[in-house]
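So the sequence shown is numbered by UniProt numbering: it starts at 1 and just counts up by one.
Even for Gly, the Cβ is constructed at its ideal location relative to N, Cα and C.
Bear in mind the structure is a predicted one, so any value in this text is a computation, not a measurement.
Here the structure is laid out as structure tokens; the discussion comes afterwards.
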Amino acid sequence: MEASHKTRIEDWQTVDREAFTIRANNQPSFCLKDVIEKGNYNILMQNQPLYNTEAHTFESSHNLFRSAFNEGFPWELIEVFSGPPRVAFSWRHWAHWTGPYKGRAPTGELLEMCGMAVAEVDENLKIKSIDVHYDPNQLLMKLEGSETQL
């Protein structure tokens, strides 16, 4: 929630603001300031063939997905595999495609992506780092109308 809605470092409560880093799929890590400036979609979809992070700002990336999933784009924790300080878990991000995506009409179908992550937390359970692993391309292929296998 904070990554999509809070644009001031001091408003973030769930992370260690000084230590926090995030990376996805073994790409470079980013600090909290980077996440706020670039946007979580741009951070989490680096080097994906169907998403150009250079073409989007924080605002435009959020507008793109908020438009496509205009009834919400929930994220849910599926299962926790290990406890603090290194918390490994699986997750799911899903929604019905109910709004336009890059001019393409919605289909109303349920789209989802699932992944795994490992978060390191401090003694107050604030996130120090998170390493996310997932494949966004199946969801992006549906939005783009692409049948190409990547």
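Residue range of the unbroken alpha helix (DSSP H) whose run includes residue i
i	result
K142	137-144
First and last residue of the uninterrupted beta strand (DSSP E) at residue i
i	result
D11	Unbroken run through D11: none, as it is neither H nor E.
T21	21-24
D131	127-134
E112	110-121
CA-to-CA distance, residue j to residue i, given in whole angstroms
i	j	result
S107	N70	In the sequence under discussion, the amino acid at residue 107 is Thr, which differs from the Ser named in the question. T107 and N70: Cα-Cα distance of roughly 13 Å.
R66	G103	14 Å
A95	L139	10 Å
F81	Q13	24 Å
residue 188	Y51	Lying outside 1 to 150, the shown extent of the chain, residue 188 is not represented and no answer is given.
P84	V121	7 Å
H56	A88	30 Å
R92	E123	26 Å
A19	G115	24 Å
D45	F58	Checking the sequence shown, residue 45 turns out to be Met, not Asp. If you take the alpha carbons of M45 and F58, they lie about 13 Å apart.
G39	E109	26 Å
Buried/exposed call for residue i, threshold 16 Cβ in 10 Å
i	result
N42	buried
N137	buried
H133	exposed
L77	exposed
S146	exposed
L143	buried
L32	buried
>> Could you tell me which whole alpha helix (DSSP H) segments of length 4 or greater appear in the region 29-105?
In response: Entirely contained in the region 29-105, the alpha helix (DSSP H) runs reaching 4 residues are, in chain order, 32-38, 40-44, 58-68.
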